[in-house]
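**Q** Protein chains in written order, with the numbering used here: chain A, 1 to 255; chain B, 1 to 232; chain C, 1 to 287; chain D, 1 to 265; chain E, 1 to 265.
Every residue, glycine too, gets a C-beta built ideally from N, C-alpha and C.
My questions all concern the structure below.
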Amino acid sequence: MRLSRLGRLLASFAVAALLVWGWQLIADYKLVSPVFLPGPDRAWGALVKGFSTGDLGVKLLATVERMFWGWLIASLIGIALGAAIGTSPRLRAYLAPMLEFLRPLPASAMIPVAIAVLGLSNGMVLAVIAFGALWPVLLATIHGFSAVEPRLYEVGRALGLSRASVIWKIALPSASPDILAGMRLGLTVALILSVVCEMIAGRDGLGNWILLAARSFRAPDLYAGVILLGMLGYITAVALAVLEARLLVWRNRAR
Amino acid sequence: MRIYGSTSMSLAAPSDIVAAFFAIMFDGSLLLATRDTLVSAGTGFAAGGFIGLALGILFGLVKPLDRLMEVTIEAIRPIPSVAILPIAMLVFGFGYRMEIAIVAFSCLWPVMIMTRSAMAGIEPRLLEVSRALRLSTWDRVRKIVLPAALPRIMVAFRLAASIALVVAVTVEIAANPLGLGYGILVAQQALQPAVMLAYLVWIGMVGYLLNAGLSLMQQRLFGRAGRVEAAS
Amino acid sequence: QTALNIGCTATTDCASAAVALEEGIFKKNGLDVTMTLIGINSNIPAALLSNSIQIGGPTPSVFLQAVDGGLDLVAVAGASSTSKATFDTAGVVATEASGIKEPKDFVGKKVGAPGIGAFLQVLFSKWLIDNGVDPKGVNFVEVTFPTMNDTLKSGAVDAVVTAEPMMSRIIASKTGAPAGYFLETLPERRPQIVYASTREWADANAEALKAFRSSIDEAAKIVNENPEKGRTAISNFTKIPMDVLSNMKLSVADPKLETEQLDWWVATMDEQNMLQAKPDTSTLIQK
Amino acid sequence: MDVRAPDTTVKATAPVIAFDKITLAFGAKTIISDLSLEIGRGEIVCVIGPSGCGKTTALRVAGGLIPPTKGTVRLLGEPMAGPRRDVAIVFQDYAKALLPWRTAAGNISLALEAAGVAQSERGDRIRDLLAKVGLAGHEDKYPTEMSGGMQQRIQIARCLAQDPAVLLMDEPFGALDAMTRQGLQDEMLAIVAETGATVFFVTHDLEEAVYLGDRVIGLLPHPGRIGIDQRIDLPRPRNQLETRETPEFLRLRRTLFDFIEKAEH
Amino acid sequence: MDVRAPDTTVKATAPVIAFDKITLAFGAKTIISDLSLEIGRGEIVCVIGPSGCGKTTALRVAGGLIPPTKGTVRLLGEPMAGPRRDVAIVFQDYAKALLPWRTAAGNISLALEAAGVAQSERGDRIRDLLAKVGLAGHEDKYPTEMSGGMQQRIQIARCLAQDPAVLLMDEPFGALDAMTRQGLQDEMLAIVAETGATVFFVTHDLEEAVYLGDRVIGLLPHPGRIGIDQRIDLPRPRNQLETRETPEFLRLRRTLFDFIEKAEH
Ligand SMILES: Nc1ncnc2c1ncn2[C@@H]1O[C@H](COP(=O)(O)OP(=O)(O)OP(=O)(O)O)[C@@H](O)[C@H]1O
Ligand SMILES: Nc1ncnc2c1ncn2[C@@H]1O[C@H](COP(=O)(O)OP(=O)(O)OP(=O)(O)O)[C@@H](O)[C@H]1O
Ligand SMILES: [Mg+2]
Ligand SMILES: [Mg+2]
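Below, the structure is given as structure tokens:
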């Protein structure tokens with residue numbers, strides 16, 4: 001069992017390595033101008049250099065922190081709001097139109113407004129990230145709640161469970177696969193928005209690093225940043241997958 | 001909202017915003033920009049949504065493939081489209097194609113992820129029914145998998161639709177000289193916060209209408225299958 | 001007629017191209033020109049390379065960094081350059097509370113600039129260096145023009161490096177006061193914006209290029225002698241309202257471009273470690 | 001051992017479940033029409049009838065899960081206002097009524113949690129209940145890991161955990177083999193005898209109806225209404241072997257069979 | 001009217017279902033151990049056993065839904081390689097096995113679509129099948145609008161639509177009242193007699209097993225294995241009233257009851 005899991009993981013990494021090799025080939029044969037697409041070798045060199053001589057580590061940490069808090073806030077608000085809307089048709093009627101209006105507002109276009117209202121602070125950046133990462137979680141939660149087997153709600157009623165208990169013991173677990181999928185997406189959005197915020201609002205972090213590299217046409221540095229983002233994304237995804245596997249044991253045992 | 005004597009360049013009084021809105025509405029620039037944004041967002045959404053759906057179903061059905069691609073996908077997914085903007089611009093130049101490519105890239109992931117997880121949530125007994133009836137793969141997807149996963153897939157599509165709009169506008173602000181985002185950019189640089197906010201509000205309205213349309217379509221097209229949520 | 005797309009940012013520096021378009025000079029010279037407003041200056045090199053635009057107006061710092069990064073671009077004409085007459089179109093504005101009065105006061109302070117490594121910030125840093133202050137001691141953050149006033153007011157930064165028309169608005173709203181005009185001490189005729197294209201395009205379209213240059217020459221005269229025409233053209237191009245523009249000095253249009261001018265920029269940027277190698281400026285101006 | 005008070009005195013008190021001219025329609029279709037019914041305290045009423053005649057629907061009305069379109073329902077003397085915690089419901093589709101993310105023990109625990117039983121007590125209670133339904137040692141299985149009959153028994157255990165005054169059971173033993181079923185029938189009779197609970201029991205097994213019931217009600221379809229209301233006067237305690245062989249049992253069974261046979265048209 | 005060839009000649013041909021020393025384990029737990037079994041063409045084999053003994057699991061193995069951990073299964077002479085279209089399966093949890101987004105007619109249609117029946121023919125076939133299971137006129141109902149017994153019958157109709165050579169039925173009549181059940185029992189016997197289909201029939205109703213089967217197999221639990229393999233030599237065609245009253249029927253029923261009683265320990 002263990003061994004086959006490890007084998008699968010290795011195979012998965014092998015596929016990724018294969019793609020990196022393809023990238024190297026593209027770069028070697030200059031299929032795309034090396035100004036915009038340096039090979040992985042040069043990108044790796046820039047990455048190592050960034051860590052050893054530059055402050056890439058500090059920037060990475062800043063981005064991770066920003067992403068994490070923004071995501072956490074978004075998840076908490078998203079689940080709470082989603083639960084409220086998902087269980088109360090009245091609340092849904094009240095809130096849905098406003099939410100549907102806010103949802104398509106581009107978080108990036110909100111930044112100037114956010115700066116005007118909240119100032120150029122970390123709070124502003126977190127607000128923007130949370131705003132963007134909220135939607136996947138919120139939408140998934142609302143859906144998850146509406147998809148609960150109606151018979152289970154009846155069980156809750158028959159047992160005389162309180163509203164909080166119904167949410168906590170029936171709806172949330174039942175919706176948890178949806179919510180987790182939403183949180184997965186939310187995490188990606190949070191990472192993307194952290195980077196965008198750092199780019200637009202000039203906060204220190206990977207986004208800033210990428211932007212400066214792009215602006216001064218230092219392609220290897222740019223790709224070093226992108227590689228870091230990829231690694232970061234993978235690691236967080238794995239962490240979430242572990243959490244998911246724990247929470248959803250019951251689903252994997254289905255026959 | 002108006003702070004008198006303020007020279008804020010990102011806020012404006014609601015009355016000014018309304019005035020600005022009618023100004024750009026009647027000189028046609030708003031509608032033209034809306035068309036441009038909708039064309040690129042729509043095409044990108046359709047392309048990304050379709051690829052995402054296909055990949056999601058593929059990975060949902062073929063577990064080994066899913067595991068094989070896991071590292072690659074999880075590593076590519078978090079790359080912000082803004083970061084690949086320079087490359088996209090180099091490859092496609094300004095215009096629809098670049099924007100469509102980036103929008104498609106951004107829409108692909110949510111649809112893929114949620115489709116895949118929707119497939120994991122299908123009642124296993126239904127999949128057994130399809131096996132017992134020896135439905136062809138295509139029929140299995142068409143008659144069991146899609147309808148059963150449809151409510152969740154629709155959520156993914158609605159999410160992707162708003163992402164498409166957001167990304168399209170962002171790309172327009174950051175690089176592409178067309179559409180609503182470009183309108184925001186121009187207004188911002190021309191020091192017309194009222195126009196800029198009018199665009200912003202309009203984008204919200206467009207998104208709202210888009211979503212309402214999508215919900216309606218969901219009900220019309222799929223009727224029952226869209227509403228039956230009990231298949232979890 | 002040769003079709004030609006010219007990309008510029010929303011400043012007054014490309015006035016010569018705007019006037020040439022507005023006054024029909026391009027058309028007269030056999031060029032079918034459209035002008036595209038580009039949001040961020042550093043997007044221009046990529047736009048050139050993808051042939052979305054054929055001629056663009058990058059700042060010298062963007063241009064040189066692109067060349068340094070390996071892009072095969074050439075400058076084809078000058079757009080605008082520094083001048084004693086326009087030194088006060090850009091400057092650094094500091095809040096009362098920051099207590100910034102002179103260059104050495106900037107050490108340890110937070111300063112907002114519209115782009116790190118971009119034109120204004122490079123020149124501001126040069127000013128600091130020339131006044132014996134190491135710009136590394138200054139904490140730069142990026143603040144876009146429209147948000148500068150709000151950012152300054154909120155106290156998130158101590159000063160902003162800015163330019164017209166924003167500067168006079170900030171000063172008028174008493175959010176801050178001028179703490180230095182860093183263009184003042186610069187030599188005359190240092191390019192602020194150059195017209196550039198890919199070398200490939202310039203080589204292949206010698207005719208069109210010639211027509212472009214003569215159009216710009218002619219239009220530059222109009223801009224410098226008849227600023228109202230320049231303002232109208234700029235307003236049409238950038239959508240900046242005339243009442244904003246009418247209080248503004250236009251940059252001096254300066255179509256001539258020489259190697260020494262670029263050399264000065266290379267030296268300035270090198271001083272701030274912005275270049276990896278020294279570009280060979282003799283090949284960077286299309287004959 | 002039958003410790004219940006004799007039926008007659010029980011009947012004297014107010015009925016536990018009282019349907020007064022209930023009509024229930026889904027849209028234009030009338031499912032139940034003008035149904036009146038009174039069930040006294042401690043009474044076991046079995047409901048039979050052809051498939052689709054409205055048994056489940058009637059039970060759901062009694063449980064307060066759906067309000068009648070017309071008429072009134074009174075439960076324990078009070079007008080019905082939704083489900084109550086002292087009324088336990090065993091659903092017909094057991095596969096849907098269990099929480100798939102909770103183990104057998106967890107599913108039973110849900111009822112205890114709802115009733116506010118302290119954590120420390122729950123473990124013992126759950127083990128007791130599992131033993132009662134013959135599933136000792138299966139506490140850690142998830143519903144998907146259990147056979148149909150096991151799932152059904154978990155649902156029964158959860159209902160018993162509610163310590164209900166009224167038991168509404170919808171074909172609770174439908175998926176069980178003869179022996180397990182008989183065991184649970186006797187278990188249920190014992191519990192009812194002990195607690196004096198009132199039982200509304202839907203079944204399609206006529207022998208089961210006669211064996212368990214104080215009364216058997218046969219519903220007629222299109223729309224659902226009472227076709228027969230048969231008292232079962234077999235002495236208690238009843239015995240799986242002897243009771244089932246008495247002439248009275250066979251006669252009652254025959255009566256109900258004839259009813260069902262006629263109802264099928 | 002029994003048109004099948006006598007059993008003896010049927011048995012001469014290769015068995016339709018052949019289990020050869022099947023063992024099945026979920027993780028560390030062995031559910032079925034060393035089970036061997038042969039079912040001949042046209043044979044009706046009923047499987048009984050206490051709840052949780054492995055009946056459903058054995059049926060799922062026969063249907064190719066789960067491969068055995070050890071041993072081989074041969075179906076119609078070929079080694080088992082997954083489910084086949086000429087093998088129809090009636091699942092025990094009918095509530096989960098219907099497509100909630102299709103009507104009764106749509107659910108039956110699924111099997112016809114799978115078999116490539118032309119659209120023009122389907123309507124008639126579906127009406128026929130619905131009538132066979134006593135649900136004429138209910139084609140436009142969705143599963144959530146049908147009673148448990150109705151859902152179960154839709155699933156049966158879907159299986160019949162497959163025109164199967166082998167029928168694997170897991171408590172197919174479990175949710176039906178006595179009359180409907182007897183009607184469907186006879187319907188099934190008629191269909192089997194007509195088509196010569198082979199039937200593997202899981203039930204917990206001993207009378208049903210005796211009434212339907214050519215053979216009744218009793219499984220013992222922990223782990224599942226064969227405890228009794230009883231031939232039923234009641235003459236065909238059988239009759240709901242007469243057959244059930246013959247001494248042989250009662251004797252067989254008694255035998256099986258004794259088996260189940262013992263198996264419960
Ligand atoms: N997916 C699974 N994982 C682990 N154990 C399982 C799984 N499925 C079934 N079992 C176990 O296998 C045994 C047999 O189950 P099965 O469903 O075959 O019983 P059954 O004879 O059909 O019972 P019933 O008459 O109650 O339906 C049970 O003890 C059950 O707990
Ligand atoms: N939600 C609904 N919408 C419309 N009709 C419904 C709905 N629920 C049930 N029905 C109809 O009501 C009738 C009675 O259903 P009910 O479930 O009460 O039958 P039942 O007596 O329990 O049958 P069974 O013994 O098969 O479980 C059926 O004809 C069914 O089609
Ligand atoms: Mg029912
Ligand atoms: Mg079973």
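Does the Cβ-Cβ distance between S42 (chain C) and S251 (chain C) come in under 7 Å?
**A** The residue you call residue 42 (chain C) lines up with position 42 of the third sequence. The residue you call residue 251 (chain C) lines up with position 251 of the third sequence. Going by C-beta atoms, S42 (chain C) is not nearer than 7 Å to S251 (chain C).
**Q** Nearest CA to the CA of L193 (chain A): which residue from B:S15, B:D16 and B:S106?
**A** As a working note, residue 193 (chain A) is residue 193 in the first sequence. Taking only the C-alpha atoms, the option nearest L193 (chain A) is B:S106.
**Q** Going along chain C in order, which residues have a C-beta closer than 8 Å to the C-beta of V186 (chain B)?
**A** Here residue 186 (chain B) is taken as the residue at index 186 of the second sequence, counted from 1. What V186 (chain B) touches in chain C: A10, L37, T238 and K239.
**Q** Just reading off the beta strand (DSSP E) that F201 (chain E) is part of, what are its end residues?
**A** As a position in the fifth sequence, residue 201 (chain E) is number 201, starting the count at 1. It spans T198 to V202 - the beta strand (DSSP E) in which F201 (chain E) sits, taken as one unbroken run.
**Q** Hey, K104 (chain C) and A190 (chain B): beta-carbon distance below 7 Å or not?
**A** Taking the first residue of the third sequence as position 1, residue 104 (chain C) is located at position 104. Taking the first residue of the second sequence as position 1, residue 190 (chain B) is located at position 190. Cβ distance not < 7 Å, so K104 (chain C) and A190 (chain B) don't count as in contact.
**Q** From the DSSP secondary-structure annotation, give me the bridge partner or partners of E225 (chain C).
**A** By one-based count along the third sequence, residue 225 (chain C) stands at place 225. Secondary-structure assignment with DSSP links E225 (chain C) through no beta bridge to anything.
**Q** With a threshold of 8 Å on Cβ separation, who are the neighbours of T151 (chain C) within its own chain once the five nearest residues in sequence on each side are excluded?
**A** The residue given as residue 151 (chain C) occupies position 151 in the third sequence. Answer for T151 (chain C): G112, V143, V157 and V160, listed in chain order.
**Q** Taking 6 Å as the line, does the beta carbon of T56 (chain E) fall inside it for any heavy atom of ligand 4?
**A** Along the fifth sequence, one-based indexing puts residue 56 (chain E) at 56. Flag set: Cβ of T56 (chain E) near ligand 4.
**Q** Would you say V39 (chain B) lies against chain A (beta-carbon separation less than 7 Å)?
**A** The residue given as residue 39 (chain B) occupies position 39 in the second sequence. Taking Cβ atoms only, chain A never reaches closer than 7 Å to V39 (chain B), which makes this a no.
**Q** Would the beta-carbon of G213 (chain B) fall within 7 Å of that of Y199 (chain B)?
**A** As a working note, residue 213 (chain B) is residue 213 in the second sequence. As a working note, residue 199 (chain B) is residue 199 in the second sequence. The Cβ atoms of G213 (chain B) and Y199 (chain B) lie no closer than 7 Å to each other.
**Q** By how many angstroms is the C-alpha of L229 (chain A) removed from the C-alpha of K21 (chain E)?
**A** Translated into positions along the fifth sequence, residue 21 (chain E) becomes position 21. Translated into positions along the first sequence, residue 229 (chain A) becomes position 229. Per the coordinates, the alpha-carbon of K21 (chain E) lies some 55 Å from the alpha-carbon of L229 (chain A).
**Q** So what does DSSP say about I60 (chain D), is it helix, strand or coil?
**A** Locating residue 60 (chain D) in the fourth sequence gives position 60, where the first residue counts as 1. Inspection of the sequence shows that residue 60 (chain D) is occupied by Arg rather than by Ile. In the structure shown, R60 (chain D) sits in a helix (DSSP, three-state: H, G or I).
**Q** So which of E:I66, E:L112, E:I260 and E:L167 has the shortest CA-CA distance to L76 (chain E)?
**A** Within the fifth sequence, the letter at position 76 stands for residue 76 (chain E). Looking at the Cα atoms, E:L167 is the closest of the given residues.
**Q** I want to verify the contact list: residues of chain D whose CB lies under 8 Å from the CB of A209 (chain E), in sequence order.
**A** Numbered from 1 along the fifth sequence, position 209 holds the residue referred to as residue 209 (chain E). Within chain D, no residue comes near A209 (chain E); the closest Cβ sits about 10 Å away, beyond 8 Å.
**Q** For ligand 2, I want to know if G52 (chain D) counts as a neighbour, meaning its beta carbon is within less than 6 Å of at least one of the ligand's heavy atoms.
**A** The residue you call residue 52 (chain D) lines up with position 52 of the fourth sequence. Yes, the Cβ of G52 (chain D) comes within 6 Å of a heavy atom of ligand 2.
**Q** Does any CB atom of chain D fall closer than 7 Å to the CB of D7 (chain E)?
**A** Sequence index remark: in the fifth sequence, residue 7 (chain E) carries index 7 (1-based). Caution applies to D7 (chain E), whose pLDDT of 45 falls short of 50 and renders its modelled position unreliable; the value that the coordinates give is listed next. No, because no Cβ of chain D sits closer than 7 Å to the Cβ of D7 (chain E).
**Q** Just list the alpha helix (DSSP H) runs in the region 32 to 79 of chain B, keeping only unbroken ones of 4 residues or longer that don't cross its boundaries, in chain order.
**A** The qualifying runs are 63 to 76.
**Q** Please tell me whether E100 (chain A) and Y96 (chain B) are closer than 7 Å, where the distance is taken between their beta carbons.
**A** Taking the first sequence and counting its residues from 1, the one referred to as residue 100 (chain A) is at position 100. Taking the second sequence and counting its residues from 1, the one referred to as residue 96 (chain B) is at position 96. Not a contact, by the Cβ cut-off of 7 Å.
**Q** By DSSP, does E38 (chain D) sit in helix, in strand, or in coil?
**A** Stepping through the fourth sequence from its first residue, residue 38 (chain D) is reached at position 38. In the structure shown, E38 (chain D) sits in a strand (DSSP, three-state: E or B).
**Q** May I ask you to check if the CB of Q92 (chain D) is nearer than 6 Å to at least one heavy atom of ligand 3?
**A** In the fourth sequence, residue 92 (chain D) corresponds to position 92, counting from 1. Yes; taking the cut-off as 6 Å, the Cβ of Q92 (chain D) has a heavy atom of ligand 3 nearer than that.
**Q** Looking at the unbroken alpha helix (DSSP H) that takes in S130 (chain B), where does it start and where does it end?
**A** Here residue 130 (chain B) corresponds to residue number 130 of the second sequence, with the count starting at 1. Here the alpha helix (DSSP H) through S130 (chain B) covers P124 to A132.
**Q** Helix, strand or coil, according to DSSP, for Q218 (chain B) in the structure here?
**A** As a first step, residue 218 (chain B) is located in the second sequence; it is residue number 218 there, counting from the start. Three-state result, Q218 (chain B): helix.
**Q** What residue from A:L138, A:C197 and A:L222 has the CA that sits closest to L172 (chain A)'s CA?
**A** On the first sequence, position 172 is the one that residue 172 (chain A) refers to. Here the closest residue by C-alpha is A:L138.
**Q** Run the proximity test for G148 (chain D): is its beta-carbon closer than 6 Å to any non-hydrogen atom belonging to ligand 4?
**A** Indexing the fourth sequence from 1 puts residue 148 (chain D) at position 148. Yes, since a heavy atom of ligand 4 falls inside the 6 Å radius drawn around the Cβ of G148 (chain D).
**Q** At what residues does the beta strand (DSSP E) containing V87 (chain E) begin and finish?
**A** Here residue 87 (chain E) is taken as the residue at index 87 of the fifth sequence, counted from 1. Segment V87 to V90, the beta strand (DSSP E) holding V87 (chain E).
**Q** For P79 (chain E), count neighbouring C-beta atoms within 10 Å of its own C-beta (all shown protein chains included) and say buried if the count is 16 or more, exposed if not.
**A** The count along the fifth sequence starts at 1 and reaches residue 79 (chain E) at position 79. Flag for P79 (chain E) reads exposed.
**Q** At a CB distance below 7 Å, what residues from the region 49 to 75 of chain B approach chain A? Give them in sequence order.
**A** Of all residues in the region 49 to 75 of chain B, only R67, L68, M69, E70, V71, T72, E74 and A75 come within less than 7 Å of chain A when Cβ atoms are compared, listed by chain position.
**Q** Kindly examine ligand 2 and report whether one of its heavy atoms sits closer than 6 Å to the Cβ of F50 (chain B).
**A** For the purposes of this step, residue 50 (chain B) is taken as the residue at position 50 of the second sequence. Taking 6 Å as the cut-off, one finds no heavy atom of ligand 2 near enough to the beta carbon of F50 (chain B).
**Q** Within 7 Å (strictly less), CB to CB, does K55 (chain E) reach chain B?
**A** For the purposes of this step, residue 55 (chain E) is taken as residue 55 along the fifth sequence, with counting starting at 1. By the rule that beta-carbons nearer than 7 Å mark a contact, K55 (chain E) does not touch chain B.
**Q** For Q65 (chain C), return the contacting residues in chain A, with the cut-off set at a CB-CB distance below 9 Å.
**A** Here the question's residue 65 (chain C) lines up with position 65 in the third sequence. Under the 9 Å cutoff, chain A gives R215, S216, F217 and R218.
**Q** Using a Cβ cut-off of 7 Å (strictly closer), state whether A12 (chain D) contacts chain E.
**A** By one-based count along the fourth sequence, residue 12 (chain D) stands at place 12. Below a pLDDT of 50, predicted positions are generally treated as unreliable, and A12 (chain D), at 48, falls in that range; no measurement from the model is reported.
**Q** Name, please, each residue of chain F whose Cβ falls closer than 9 Å to the Cβ of K70 (chain E).
**A** Included in the structure are the protein chains A, B, C, D and E, with no chain F among them.
**Q** Do the region 202 to 216 of chain A and the region 141 to 155 of chain A make contact, defined as three or more Cβ pairs closer than 8 Å?
**A** The region 202 to 216 of chain A makes no contact with the region 141 to 155 of chain A: fewer than 3 CB pairs, one atom from each, lie closer than 8 Å.
**Q** When DSSP builds the beta bridges, which residues end up paired with Y195 (chain C)?
**A** Counted from its first residue, the third sequence places residue 195 (chain C) at position 195. For Y195 (chain C), which the question treats as bridged, DSSP gives the partners C:A77.
**Q** Counting contacts by CB-CB distance shorter than 7 Å, is V194 (chain C) in contact with chain B?
**A** To locate residue 194 (chain C), count along the third sequence from 1; it is residue 194. No, V194 (chain C) lies away from the interface with chain B (no Cβ there is under 7 Å from its Cβ).
**Q** Report yes or no: is there a C-beta of chain B within less than 7 Å of the C-beta of L37 (chain E)?
**A** What you label residue 37 (chain E) is simply residue 37 of the fifth sequence in a count that begins at 1. Not an interface residue.
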